[in-house]
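Taken in sequence, the protein lines are chains A and B.
Take 50 as the starting number for the first sequence in the numbering used here and just add one per residue.
Take 766 as the starting number for the second sequence in the numbering used here and just add one per residue.
Structure first, commentary second.
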Amino acid sequence: MSPAPIRAVAIGASAGAVQALQTILPALPADYRLPVLVVVHVPSDRDNQLAPLLRAQCAVPVREAVDKEPVAAGVIYFAPSDYHLLVETEETLALSADETVNYSRPSIDVLFESAADAYGDGLVGVILTGANHDGAAGLKAIADAGGQVIVEDPGGAYASAMPLAALAACPNATTMNLDAIASYLASLGAP
Amino acid sequence: MPDAIVDLEIQLLLEALFQRYHYDFRHYARASIKRRLVLARDQLGFGSISAMQEQVLHDPALLPRLLGYLTVQVSEMFRDPSYFRALREKVLPHLRTYPSLKVWIAGCSEGEELYSLAILFREEGLYERTLFYATDINPDALSAAEAGVYSLDRIRKFTENHQKSGGKSSLSDYYTADYGRAVFDKTLRERVVFSDHSLVTDAVFAEMHLISCRNVMIYFDRLLQDRAIGLFRDSLARKAFLGLGSKESLRFSTHAAAFSDFVPEEKIYQRREP
């Protein structure tokens, strides 16, 4: 049995996210054929400056997620600050102002769990550097739904707590350093 | 449990709530509803959503607890201070020209936005000529809004937001601290009508000069959003105002042509001349 075709990528990162994403996202080619959904923890009273920053460095279009928008292939979507980002089963984006999860809004768990529902075994979930435990339960949901799960090597991560928590929840996750994650994701969505 | 079964259980529970109690969540955005119901199932100690359905059908006492999960929004006073600043600086100068005003806070939850607007209108000298309608579908949330009591540990954030919104007074002028709680001044709700009203099933009830409905429609599917926006259109006086949440818009609505952008970056719209 060949593995299921991948239809989407979901990435979660916290402390150290900027550098990690600057390694991964600019490596994706202009004709990338997967949607990439990203949750980064940022303080709620600050506008999310990450999308504009990365937009300048990426070949793939970078946007802030808009409620009810259909998920488009070859676009990198960032969760807006102070809103959770979810994916509906009909593959549209949804935002929510529900309470924080793991003290975070947006929360990686919220994105990953809903994306696992929407994409099942067609999803790759990636947990990067971070100093908390958000994303661990979500990564397990992706694995339980048959998706692929990748964790940044905690030894090389700027902050190891989030990768370690993700590995505790998903012991069979593949660990990679940032460069390996970048080239793997690039190859997955190459046309 | 396979996910398809949970999805089916949710569909059946929402149908049961509608048929038994006339609460209609069937057209709410499903991913958030699922999170909330799974949380309710786990925290209330049910083995499945079907088990929760069985109990709520036979025991109305479970209904308010479920409504708590399905509807209650955690908000802040003056959440998104720039929205309130735009109301103060751009909308209120227009409203000032009317001898009497009606303001509708649709989906008021526990009242944070209502008190924010009441304080804003008082600071701007418009409170005495304004009637506020604060509506929600959750009776417990409405009671909390009517009580106007918030935990003191939330007040620091409320105060900071109020200052950023261009507040002309001190928030502490409007509440008294009491055993870890901030009790808001009852004169702030002298001109407020609290009422059970559903954007899903109920109709127009008055002609408004300002409707503020923030982070409510984000939970609706497009069909329901359109119904609510149609209701707002029909409730607004000519050239009256509609304020939405910072990530909401009229962009996908069939009623978009009835409105013009007034403060686009704050999602404040103005009703066009009919």
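From the three backbone atoms N, C-alpha and C, an ideal C-beta is built for every residue, glycine too.
Only a predicted model underlies this, so the values are computations on that prediction, with no experimental measurement involved.
Interface flag, residue i vs chain B, CB-CB below 8 Å
i: A/Pro-129; result: yes
i: A/Asp-170; result: no
i: A/Ser-163; result: yes
i: A/Met-50; result: Because A/Met-50 sits at a pLDDT of 47, beneath the cut-off of 50, its placement in the model cannot be relied upon, and the following sentence gives the value as read from the coordinates. Answer no: the Cβ-Cβ gap between A/Met-50 and chain B never drops below 8 Å.
i: A/Tyr-81; result: no
i: A/Leu-99; result: no
i: A/Tyr-132; result: yes
i: A/Lys-189; result: no
i: A/Leu-135; result: yes
i: A/Val-159; result: yes
i: A/Asp-116; result: yes
8 Å Cβ cutoff met for residue i and residue j
i: A/Thr-148; j: A/Ala-167; result: At residue 148 of chain A the sequence reads Glu, which differs from the Thr that was named. No, the pair does not count as a contact, with Cβ atoms beyond the cut-off.
i: B/Ile-814; j: B/Arg-806; result: yes
i: B/Ala-796; j: B/Leu-822; result: no
i: B/Val-965; j: B/Asp-772; result: no
i: B/Ser-977; j: B/Leu-828; result: no
i: B/Phe-897; j: B/Val-957; result: yes
i: A/Pro-129; j: A/Glu-113; result: yes
i: A/Val-91; j: A/Ile-60; result: no
i: B/Leu-1007; j: B/Phe-1024; result: yes
i: A/Ala-215; j: A/Ala-185; result: yes
i: A/Ala-229; j: A/Gly-65; result: no
8 Å Cβ cutoff, residue i in contact with chain A
i: B/Glu-1013; result: yes
i: B/Val-839; result: yes
i: B/Tyr-1034; result: no
i: B/Asn-980; result: yes
i: B/Arg-800; result: yes
i: B/Ala-910; result: no
i: B/Asp-768; result: yes
i: B/Phe-1006; result: no
i: B/Phe-997; result: no
i: B/Ser-797; result: yes
i: B/Ala-871; result: no
i: B/Phe-1017; result: yes
Where the alpha helix (DSSP H) containing residue i begins and where it ends
i: B/Leu-860; result: 857-860
i: B/His-974; result: Careful: B/His-974 lies outside any alpha helix (DSSP H), inside the beta strand (DSSP E) at 973-978.
i: A/Thr-276; result: One cannot answer for residue 276 of chain A here, as it falls past the ends of chain A, which runs 50 to 240.
i: B/Val-837; result: It is not in any alpha helix (DSSP H) - B/Val-837 carries neither H nor E in the DSSP assignment.
i: A/Ala-235; result: 227-237
i: A/Thr-178; result: Here A/Thr-178 belongs to no alpha helix (DSSP H), and DSSP marks it neither H nor E.
i: B/Leu-953; result: That residue, B/Leu-953, is in no alpha helix (DSSP H); it is neither H nor E in DSSP.
i: B/Tyr-880; result: 877-888
i: B/Ser-1025; result: Run containing B/Ser-1025: none in the alpha helix (DSSP H); it sits in the beta strand (DSSP E), 1024-1028.
i: B/Arg-998; result: 987-1000
Same chain, Cβ closer than 8 Å to residue i, neighbours up to 5 away in sequence not counted
i: B/Asp-901; result: Thr-836, Gly-872, Cys-873, Ser-874, Leu-907, Ala-910, Asp-961, His-962
i: A/Asp-256; result: Residue numbering for chain A in the displayed model covers 50 to 240; residue 256 of chain A lies beyond these limits and cannot be assessed.
i: A/Val-109; result: Leu-74, Leu-77, Pro-78, Ala-79, Tyr-81, Val-85, Gly-123, Val-124, Ile-125
i: A/Met-50; result: At A/Met-50 the pLDDT is 47, less than 50, meaning the model places this residue with poor confidence; the figure from the coordinates comes in the next sentence. Excluding residues within five positions, none has a Cβ falling inside 8 Å.
i: B/Phe-843; result: Phe-849, Ser-881, Phe-923, Asn-926, His-927, Lys-929, Ser-930, Gly-932
Element boundaries [beta strand (DSSP E), containing residue i]
i: B/Ser-916; result: 914-916
i: A/Ala-114; result: Taken as a continuous stretch (DSSP letters only), A/Ala-114 belongs to no beta strand (DSSP E), as it is neither H nor E.
i: A/Gly-204; result: Segment: none, A/Gly-204 is in no beta strand (DSSP E) and carries neither H nor E.
Buried or exposed by the 16-neighbour rule on C-beta atoms within 10 Å, applied to residue i
i: A/Leu-83; result: buried
i: A/Ser-232; result: exposed
i: B/Thr-862; result: exposed
i: B/Asp-845; result: buried
i: B/Glu-854; result: exposed
i: B/Thr-895; result: buried
i: B/Asn-980; result: buried
i: B/Gly-945; result: exposed
i: B/Asn-903; result: buried
i: A/Tyr-132; result: buried
i: B/Ala-993; result: buried
i: A/Leu-144; result: buried
i: B/Leu-953; result: buried
i: A/Tyr-152; result: exposed
i: B/Met-927; result: Here residue 927 of chain B is His; the residue named in the question, Met, does not match the sequence. B/His-927 is buried by the Cβ-count criterion.
i: B/Ser-916; result: exposed
i: B/Arg-1036; result: buried
i: B/Leu-777; result: exposed
i: B/Leu-988; result: exposed
i: B/Pro-858; result: exposed
i: B/Ala-826; result: exposed
Same chain, Cβ closer than 6 Å to residue i, neighbours up to 5 away in sequence not counted
i: B/Pro-1029; result: none
i: B/Tyr-834; result: Arg-801, Ala-805
i: B/Lys-922; result: Glu-841
i: A/Cys-107; result: Leu-74, Pro-75
i: A/Cys-219; result: Leu-188, Lys-189, Ala-192, Val-198
Residues near residue i by beta carbon distance below 7 Å, same chain, minus five either side
i: B/Ser-937; result: none
i: B/His-929; result: The sequence shown places Lys at residue 929 of chain B, rather than the His named in the question. So the list reads Pro-846, once near-sequence residues are dropped.
Exercise for review: Compile a chain-ordered list of the residues in the stretch 137-155 of chain A whose CB is closer than 8 Å to at least one CB of chain C.
Suggested key: Here chain C cannot be found, since the structure's protein chains are A and B.
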